[in-house]
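So for the sequence shown, numbering that gives the first Met the number 0 puts the first residue at 0; every next one is plus one.
Glycine included, C-beta positions come from ideal geometry on N, C-alpha and C.
Here is the structure we will look at, set down as structure tokens.
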Amino acid sequence: MTVAVETTKAEEGENRPKIETFDDILPYVGEAGRYQLILFIILLPFTFVYAFLYFTQFFLTLVPNEHWCFVPELNNTNLSDTQKISLSIPPASDVAEVQAEGTTHFARCFMYAVNYTELLNNNITKADPSWPTKPCQHGWSFNYTAVPYASIAAELEWVCDKNYLSSAAQSAFFVGSIIGGFIFGYIADHYGRIPALVSCNAVGFFASVATAFCDNFWSFALARLVVGSSFDNCFNILFIITIEYVGPKYRTLVANMSFGIYFAVAASLLPWIAYWIADWRMLSWITALPLITAFLGPWIAPESARWYLMAGKVDKAIEMLKKFEKVNGKTVKQEVYDEFEKSCRTMVEKDKKLNNYTVLDLFSKPRLARITVILVVNNFNIRRSRVEHEIIASRCIYVILLSSADGVAGRNITGIIPRQMGT
Numbered sequence: 000m001t002v003a004v005e006t007t008k009a010e011e012g013e014n015r016p017k018i019e020t021f022d023d024i025l026p027y028v029g030e031a032g033r034y035q036l037i038l039f040i041i042l043l044p045f046t047f048v049y050a051f052l053y054f055t056q057f058f059l060t061l062v063p064n065e066h067w068c069f070v071p072e073l074n075n076t077n078l079s080d081t082q083k084i085s086l087s088i089p090p091a092s093d094v095a096e097v098q099a100e101g102t103t104h105f106a107r108c109f110m111y112a113v114n115y116t117e118l119l120n121n122n123i124t125k126a127d128p129s130w131p132t133k134p135c136q137h138g139w140s141f142n143y144t145a146v147p148y149a150s151i152a153a154e155l156e157w158v159c160d161k162n163y164l165s166s167a168a169q170s171a172f173f174v175g176s177i178i179g180g181f182i183f184g185y186i187a188d189h190y191g192r193i194p195a196l197v198s199c200n201a202v203g204f205f206a207s208v209a210t211a212f213c214d215n216f217w218s219f220a221l222a223r224l225v226v227g228s229s230f231d232n233c234f235n236i237l238f239i240i241t242i243e244y245v246g247p248k249y250r251t252l253v254a255n256m257s258f259g260i261y262f263a264v265a266a267s268l269l270p271w272i273a274y275w276i277a278d279w280r281m282l283s284w285i286t287a288l289p290l291i292t293a294f295l296g297p298w299i300a301p302e303s304a305r306w307y308l309m310a311g312k313v314d315k316a317i318e319m320l321k322k323f324e325k326v327n328g329k330t331v332k333q334e335v336y337d338e339f340e341k342s343c344r345t346m347v348e349k350d351k352k353l354n355n356y357t358v359l360d361l362f363s364k365p366r367l368a369r370i371t372v373i374l375v376v377n378n379f380n381i382r383r384s385r386v387e388h389e390i391i392a393s394r395c396i397y398v399i400l401l402s403s404a405d406g407v408a409g410r411n412i413t414g415i416i417p418r419q420m421g422t
């Protein structure tokens, strides 16, 4: 991130531009100075929270691709897993089933319906494909080579006819995200961005801890629903505040750097954390720890000056800007603040008369409606592609690692090139 503390030409000149908006006063107090750098550093733990909340759900419900029917009669024998499969598990019957089974060429939901005790007594160790089959009767065995721990999905055997439960639990997370958007959005608008940030992360913290105590689908789905309610806002609130206090020409760079460095590193570390801990309950606790940072929010993060202005607290906004001025080593004339205050109070009075906005106002004008639709569709496609990619890759920890690591270069490149090209 660029650090600049020099005096601006606009401040020195007599013919300086009018100060009518918040962006107009930023060059005077510093667009990318020490204070913005501090904000960028404070953003670090919240970006880890964002990455951990999103990706942890995949690691909590990982199921090894290689699993097969558990046969009690073969449990206390000297047969290897390969020999047990050869004797008790039929092969995938057709091309469609082979594709459905993934990389395994044996059925994961069926076993041979035979007397295994009798087979062992007769020294038969290889199955006859003509034997009758039946669904798994006594649970499943899992190969934990690729996934080195039993997730809640493996513990509760969410496979075969219960395979949908993992997806249902993940859906609960995203449903919670929608609900949380309304709840914490309301808090942010009416009580301030920092109260919303603290309450949002507090909910995520306690729900993440509660996740570790779940022992059935419904309790797990409820916990993930509540965790999901904190997703997005746990990071976006402070992210927007940071972008708000950075000058317009630096915003693209800062936005991409926060994802290209913080998010990509956090997402790349998580597979190794999951691999090292090898316990889904402990993983839920460990990934909840960065959320504790939010309890320090009122002392380490500034309130949004734009929210102060929206709430009619112009004096508070100016007080915040003076902190920026001091930390960034700037000297701003009082007449600059006076002009900004006058402009803001005029805007506040005007806004009071029109302060009845609803979501429908996003479609009140053709251009605004077009932009709204484009943003919604674009965001939907990005999220859908990302989720599909992670679900496909979720069977292998290393694929998730690589897909996250590529963001380190990709995000930083997309942040630097547009700035160099002047876009």
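message = In whole angstroms, give me the CA-to-CA distance for L86 and P128.
response = Position 87 of the sequence shown, counting from 1, holds the residue named residue 86. Position 129 of the sequence shown, counting from 1, holds the residue named residue 128. Distance between the alpha carbons of L86 and P128 is about 10 Å.
request  = In the DSSP assignment, find the unbroken beta strand (DSSP E) run with C199 in it and report its ends.
outcome  = On the sequence shown, position 200 is the one that residue 199 refers to. C199 -> not in any beta strand (DSSP E); alpha helix (DSSP H) instead, spanning R192 to T210.
inquiry  = Could you compute how far the alpha carbon of D455 sits from the alpha carbon of A106?
reply    = There is simply no residue 455 to check, as the chain begins at 0 and stops at 422 in what is shown.
message = If distances are taken between C-alpha atoms only, which option among I186, F69 and F45 comes closest to T241?
response = Within the sequence shown, residue 241 is the residue found at index 242, counting from 1. Relative to the Cα of T241, the nearest Cα in the group I186, F69 and F45 belongs to F45.
inquiry  = In the DSSP assignment, the alpha helix (DSSP H) including C233 goes from what residue to what residue?
reply    = Counting from one through the sequence shown, the residue named residue 233 turns up at place 234. Its alpha helix (DSSP H) spans residues N232 to Y244.
query = Helix, strand or coil for I18 per DSSP?
reply = Reading the sequence shown from its first residue, position 19 is the one you call residue 18. I18: coil per DSSP, three-state reduction.
key: Local Cβ density within 10 Å of S207, reported as buried at 16 or more and exposed below that   = One-based indexing of the sequence shown puts residue 207 at position 208. A residue is called buried when at least 16 other Cβ atoms come within 10 angstroms of its Cβ; S207 meets this threshold and is buried.
ask   = What does a CB cutoff of less than 7 Å around A265 pick up in its chain, not counting 5 residues either side in sequence?
value = Locating residue 265 in the sequence shown gives position 266, counting from the first residue. The residues are T46, F47, A50 and F51.
message = I'd like to know whether the C-beta atoms of Q56 and F205 end up nearer to each other than 9 Å.
response = Here residue 56 corresponds to residue number 57 of the sequence shown, with the count starting at 1. Here residue 205 corresponds to residue number 206 of the sequence shown, with the count starting at 1. Contact check for Q56 against F205 fails: the beta carbons are separated by 9 Å or more.
Pair within 9 Å by beta-carbon distance, K322 and P301 = Sequence index remark: in the sequence shown, residue 322 carries index 323 (1-based). Sequence index remark: in the sequence shown, residue 301 carries index 302 (1-based). In terms of Cβ geometry, K322 and P301 form a close pair [threshold 9 Å].
task = Give me the Cα-Cα distance between A168 and S218, rounded to the nearest whole angstrom.
result = Translated into the one-based positions of the sequence shown, residue 168 becomes position 169. Translated into the one-based positions of the sequence shown, residue 218 becomes position 219. One alpha carbon belongs to A168, the other to S218, and they sit about 10 Å apart.
Minimum length 4: unbroken alpha helix (DSSP H) runs contained in the stretch 255-295 = Entirely contained in the stretch 255-295, the alpha helix (DSSP H) runs reaching 4 residues are, in chain order, 263-276 and 279-285.
key: Candidates A310, C233, A211 and A304, of which the one nearest P289 by Cα   = Residue numbering aside, residue 289 sits at position 290 when the sequence shown is read from its first letter. Nearest to P289 by C-alpha distance, out of A310, C233, A211 and A304, is C233.
task = Give a yes or no on whether the C-beta atoms belonging to G32 and V253 are separated by under 9 Å.
result = As a first step, residue 32 is located in the sequence shown; it is residue number 33 there, counting from the start. As a first step, residue 253 is located in the sequence shown; it is residue number 254 there, counting from the start. Not closer than 9 Å, so no.
request  = Please work out which residues of its chain come closer than 6 Å, Cβ to Cβ, to R223, disregarding the five sequence neighbours upstream and downstream, and give them in chain order.
outcome  = Against the sequence shown, residue 223 aligns to sequence position 224. Here R223 has A168, A171 and F172 as same chain residues with Cβ atoms under 6 Å from its own Cβ, once five neighbours each way along the sequence are excluded.
inquiry  = Going by the DSSP bridge assignment, what does Y111 pair with across the sheet?
reply    = Here residue 111 corresponds to residue number 112 of the sequence shown, with the count starting at 1. For Y111, which the question treats as bridged, DSSP gives the partners T132.
ask   = Whole-angstrom Cβ separation of A195 and I236, contact assumed at under 8 Å?
value = Counting from 1 along the sequence shown, the entry for residue 195 is found at position 196. Counting from 1 along the sequence shown, the entry for residue 236 is found at position 237. The C-beta distance from A195 to I236 rounds to 6 Å, short enough to meet the 8 Å contact threshold.
task = Might you give, ordered along the chain, the residues of its own chain that have their beta carbon closer than 6 Å to the beta carbon of S283, omitting 5 neighbours on each side?
result = Translated into positions along the sequence shown, residue 283 becomes position 284. For S283, where only same-chain residues beyond five positions count, the Cβ hits under 6 Å are S207, T210 and A211.
ask   = Closest to W275 by CA distance: which of L43, V146 and H137 is it?
value = The residue you call residue 275 lines up with position 276 of the sequence shown. Minimum Cα distance to W275 is reached at V146.
message = Going by beta-carbon coordinates alone, are L320 and I24 separated by less than 9 Å?
response = The residue you call residue 320 lines up with position 321 of the sequence shown. The residue you call residue 24 lines up with position 25 of the sequence shown. Yes, they are a contact pair.
key: Residues bridged to P90 [DSSP beta-bridge criterion]   = Taking the first residue of the sequence shown as position 1, residue 90 is located at position 91. In DSSP, P90 forms a bridge with F105.
Proximity of F21 and A273 at Cβ, strictly below 9 Å = Translated into the one-based positions of the sequence shown, residue 21 becomes position 22. Translated into the one-based positions of the sequence shown, residue 273 becomes position 274. Contact flag unset, no.
key: Residue environment, L38, which counts as buried when at least 16 other CB atoms sit within 10 Å   = Residue 38 sits at position 39 when you count from the first residue of the sequence shown. Around the CB of L38, 16 or more other CB atoms lie within 10 Å, so the residue is classed as buried.
key: Check whether S140 and V62 have beta carbons under 9 Å apart   = Locating residue 140 in the sequence shown gives position 141, counting from the first residue. Locating residue 62 in the sequence shown gives position 63, counting from the first residue. Not a contact, by the Cβ cut-off of 9 Å.
ask   = For H66, does the count of other Cβ atoms within 10 angstroms reach 16, so buried, or fall short, so exposed?
value = For the purposes of this step, residue 66 is taken as residue 67 along the sequence shown, with counting starting at 1. Buried, because 16 or more other Cβ atoms sit within 10 Å of the Cβ of H66.
inquiry  = Let me confirm a value: P26 is counted as buried when at least 16 other C-beta atoms fall within 10 Å, else exposed. Which label applies?
reply    = Translated into positions along the sequence shown, residue 26 becomes position 27. Counting Cβ neighbours within 10 Å, P26 comes out buried, since at least 16 surround it.
ask   = Per DSSP, what kind of secondary structure is W139 in: helix, strand or coil?
value = On the sequence shown, residue 139 is found 140 positions in, with the first residue counted as 1. If DSSP states are grouped into helix, strand and coil, W139 belongs with the strands.
request  = Note the first and the last residue of the continuous alpha helix (DSSP H) segment covering W157.
outcome  = Position 158 of the sequence shown, counted from the first residue, corresponds to residue 157. No alpha helix (DSSP H) holds W157; DSSP gives it neither H nor E.
ask   = Measuring CA to CA, which of A152, I88, H104 and I151 is closest to Q136?
value = One-based indexing of the sequence shown puts residue 136 at position 137. Measuring from the Cα of Q136, the nearest candidate turns out to be I88.
message = My output table needs one value for C68: the three-state DSSP class, helix, strand or coil.
response = Stepping through the sequence shown from its first residue, residue 68 is reached at position 69. Reduced to three states, the DSSP call for C68 is strand.
key: Contact set for M346: own chain, Cβ-Cβ below 8 Å, skip 5 residues either direction   = The residue labelled residue 346 in the question sits at position 347 within the sequence shown. Cβ neighbours of M346 beyond the five flanking positions: L308.
When N200, V331 and E340 are compared against L295, the one with the closest alpha-carbon = Taking the first residue of the sequence shown as position 1, residue 295 is located at position 296. Distances from the CA of L295 to each of N200, V331 and E340 were compared; the closest alpha carbon is that of N200.
inquiry  = Am I right that G227 and V174 are in contact with their C-beta atoms under 8 Å? What's the rounded C-beta distance?
reply    = For this step, residue 227 is matched to residue 228 along the sequence shown. For this step, residue 174 is matched to residue 175 along the sequence shown. Contact holds; Cβ gap of about 7 Å.
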